[in-house]
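Numbering (this note's numbering), first residue to last: 10 to 166. Below is one structure, written out as C-alpha cells; comments come after it.
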Amino acid sequence: MEKHSHDNSSHSDKPDSYDTVGSIATNIADGFTMVAVGDLILSRPLAKGHHPGFGDIVKVLHDADVTFGNMEMNIFDIRSFKGSPQAEYGGAFHVSLPEIGPDLKAMGFNIVSRANNHTLDWGLEGMRETSRVLDESGIVHAGVGENLAQAGAARFL
C-alpha cells in the first residue's frame, strides 16, 4: 500500500487491514446514535399513543442523536387550505393536520427527507405549508424548494 503524506491512523501497510470502525469514528466524546425509518405516513398524533410496545419504539426514536424519516405526506389544516390536489404527482393525497409536526418532534424526529413522489400531491401550496409546519416544529427538512437550488441544498442539524 502506498504511503500518503497525511497522517491517518486508520490505515496500515498490510493489505486488507483497513480499520472500518476507526475510519468512521466521530469526534463526539460520548458516541453518536442515528435511527432511520422508512415512510412517515401519519393521520393522527401518535407520540402519546397507548398501543402495546409503541412507547418502547418512541423511546428508541427519542433517545437517538439523529432520528430521520422519509416524509411521505403533506401537513396542513385541510379545513382552511386554499390549494387543491394535483393528480399529476403522487396521487395518494396523504394529508395530516398541523398537530403532526409537534408530534413528530415529540417522538424524536429532527430531520426528514421530502424528496419523493408525494411532495407536490397538494401543489406548491401544500409543499409550502408543510415546510412552515416543519420549521415551526423545529424539524430540519431537505429535498424540496421553490427551485432546484433550494431543493438540492444541504440541510444540517
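The beta carbon of each residue, even a glycine, is placed where N, CA and C say it ideally should be. Quick caveat: nothing in here was measured; it's all calculated off a predicted structure.
Buried or exposed, going by whether 16 or more other CB atoms sit within 10 Å of the CB of residue 87? Per the 10 Å Cβ criterion, exposed.
Which same chain residues, not among the five before or five after residue 128, have their C-beta less than 7 Å away from its C-beta? Correct list, in chain order: 136, 153.
Quick one: residues in its chain with C-beta nearer than 6 Å to the C-beta of residue 80, no 5 flanking neighbours on either side, listed in chain order? The answer, listed in chain order, is 49, 121, 123.
Closer than 6 Å: residue 137 CB and nearest the ligand SAH heavy atom: You won't find the ligand SAH in this model; it holds no ligand whatsoever.
I need the DSSP call for residue 39, collapsed to helix, strand or coil. In the three-state reduction of the DSSP assignment, residue 39 falls in the coil class.
Reference residue 42; option with closest CA among 157, 119, 53, 159: For the residues 157, 119, 53, 159, the minimum Cα distance to residue 42 belongs to 119.
Roughly how many whole angstroms lie between the Cα atoms of residue 91 and residue 103? Annotation: residue 91 to residue 103 spans about 16 Å, alpha carbon to alpha carbon.
At 4 residues or longer, and completely inside the stretch 90-164: list those alpha helix (DSSP H) runs for me, N to C. Whole alpha helix (DSSP H) segments, 4+ residues: 109-116, 132-146, 157-161.
By DSSP, does residue 63 sit in helix, in strand, or in coil? DSSP places residue 63 in helix when its eight states are reduced to three.
What three-state label does DSSP hand residue 51 in the structure shown? In the three-state DSSP reduction, residue 51 falls in the coil class, being neither helix nor strand.
In the DSSP assignment, find the beta strand (DSSP E) that holds residue 80 and state where it starts and stops. Where residue 80 is concerned, the enclosing beta strand (DSSP E) stretches over 75-80.
According to DSSP, which residues form a beta bridge with residue 84? Assignment of beta-bridge partners to residue 84 by DSSP yields 105.
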